[in-house]
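Mapping of the sequence shown onto mature numbering (1 follows the signal peptide of the UniProt record, and there is no 0): residues -30 to -1, 1 to 302, in sequence order.
The beta carbon of each residue, even a glycine, is placed where N, CA and C say it ideally should be.
The model shown is predicted, which means the values in this text are computed figures rather than measured ones.
Here's the structure we're looking at; comments come further down.
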Amino acid sequence: MKKKLGAYLTNRKIMATALLALTLALSACGNSGEKANEGSADKETRDITIKIGYQKYGTINILKADGALDKRLSEERNIKIEWIEFPGGPQLLEALNVGSLDLGHTGEAPPIFAQAAGAPLVYLAHEPASPQSEGIIVPKGSPIKSVADLKGKTVVLNKGSNVHYLLVKQLEKAGVDYKDIEVKFLPPADARAAFEKGSVDAWVIWDPFLAAAQTATGGTILVDGTDVVSNHEFYLATRAFAEKYPDIVDILLEEADKIDVWSKDHPQELAEKLSPQLGIDVESLLLAAGRRNYGVQPIDEELIKAQQAIADTFFNLELIPKKLDINDAILK
């Protein structure tokens, strides 16, 4: 997979290099040629501000904390980044849908809901599957011992997030109808408060919130995503941005892959770097880091089929209003 990503980025670099060479050749023809080429692709990717959405944790969050992407874009293109934090993927993609963001990252379910809502998003790349990075957690001492025990109980989650699909698939595996539980939709902070107060029976959540709830409350993970869901992290952009600035997309993916390599080999340093920024203790972040896989990978047919299966599942459950074709959100 990394070889495919390398080939993908290399081809894009060759195109960008050829375009830059052509621009320089034309500019060498004289002042009149230089003025004629002021609208070149190179100049179009300078002196702009791009808006990148991120959540607590995930590779883009690590990129923000590291600062390498800011530095490279500033030095090479005089481009500034405006980083905007969101409590979850659905909220991030809602902002992308209304034009408040250019790029961002979410789990596997939010793009489905966003595409169904008409968001002009495209998939850029993804991280490897990390099924253990999300789960259904119950309070310490809970009588609930299996997913089947959730029947008739109240479960809280962030609507439209990756854990929404986890819940659907775990209920299906346990033979429990989705309609046989009461689902409440709350963002992570509010869901954590409800979980600690005991006003819900279970919480479906992802890391690092899952890890933080474990260490702080003594809650028990009923099940995670192992053998049920993949839990991919996706890099996404508006189609207009991806098509106009493919070179910026390439730089983002290159820097993301670099920081992934570092993160995999330095979990302690990663936890210490993120802890003050996220307001989450180092112990919890270390727990989360150990459950996550790293490495930027290209979108391929296997991933498209997997996303299509999620979209079809949500449509059959009437969670989205229309049947989707994931290929409509793929760059050609």
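Close-in-space but distant-in-sequence residues of the same chain around residue i (CB under 7 Å, 5 per side omitted)
i: Pro158; result: Pro57, Gly58, Asn128, Ile175 and Phe179
i: Leu301; result: Val92 and Ala212
i: Thr124; result: Glu152, Lys154, Val170 and Asp171
i: Val138; result: Tyr148, Thr283 and Leu287
i: Leu33; result: Leu39, Glu225, Ala226 and Ile229
i: Phe83; result: Pro60, Gly130 and Ile290
Residue i in three-state terms, based on DSSP
i: Tyr205; result: strand
i: Ala172; result: strand
i: Asp217; result: helix
i: Thr19; result: strand
i: Glu55; result: strand
i: His134; result: helix
i: Ile280; result: helix
i: Leu222; result: helix
i: Tyr24; result: strand
i: Leu62; result: helix
i: Val198; result: coil
i: Leu156; result: coil
i: Ile82; result: helix
i: Ile250; result: coil
i: Lys167; result: helix
i: Leu289; result: coil
i: Leu141; result: helix
Sheet register partners of residue i (DSSP bridge)
i: Gly260; result: Bridge partners of Gly260: none, in fact.
i: Thr76; result: Phe204
i: Leu91; result: Thr208
i: Thr190; result: Val108
i: His236; result: None, per the DSSP bridge assignment.
i: Ile269; result: Its beta-bridge partners do not exist; DSSP assigns none.
i: Leu244; result: Answer is none; Leu244 lacks a bridge partner.
i: Lys50; result: Thr19
Straight-line gap, residue i to residue j (C-alpha atoms, nearest Å)
i: Ser2; j: Arg16; result: Low per-residue confidence applies at Ser2: pLDDT is 37, beneath 50, and the placement is therefore not dependable, though the value from the model is reported in the following sentence. Distance between the alpha carbons of Ser2 and Arg16: 21 Å.
i: Lys292; j: Asp298; result: 14 Å
i: Arg42; j: Asp227; result: 14 Å
i: Ala95; j: Lys26; result: 19 Å
i: Ser44; j: Leu223; result: 16 Å
i: Arg261; j: Lys214; result: 36 Å
i: His236; j: Lys121; result: 41 Å
i: Thr196; j: Gln238; result: 25 Å
i: Lys243; j: Asp150; result: 43 Å
i: Lys115; j: Ser200; result: 23 Å
i: Gly37; j: Ala161; result: 31 Å
i: Glu142; j: Ile274; result: 22 Å
i: Lys21; j: Ile54; result: 7 Å
i: Lys167; j: Thr19; result: 42 Å
Spatial neighbours of residue i in its chain, beta-carbon cut-off 8 Å, leaving aside the 5 residues before and after
i: Pro80; result: Gly58, Gly59, Pro60, Leu62, Leu63, Gly130, Ser131 and Asn132
Sequence-distant residues of the same chain with beta carbon closer than 6 Å to residue i, five excluded per side
i: Asn263; result: Pro98 and Ser100
i: Gln247; result: Ala35
i: Pro90; result: Thr208 and Arg209
i: Thr190; result: Val108
Any chain D beta carbon closer than 8 Å to residue i
i: Phe155; result: No chain D is part of this structure, which consists of one protein chain only.
Inset, instruction - Check whether the segment 162 to 174 touches the segment 93 to 107, taking contact to mean three or more Cβ pairs, one atom from each stretch, closer than 8 Å. - result: Three or more beta-carbon pairs drawn from the segment 162 to 174 and the segment 93 to 107 are found closer than 8 Å, and the two stretches are therefore classed as touching.
Legend entry - Sufficient close CB pairs (3 or more, under 8 Å) joining the segment 275 to 282 to the segment 208 to 223: no
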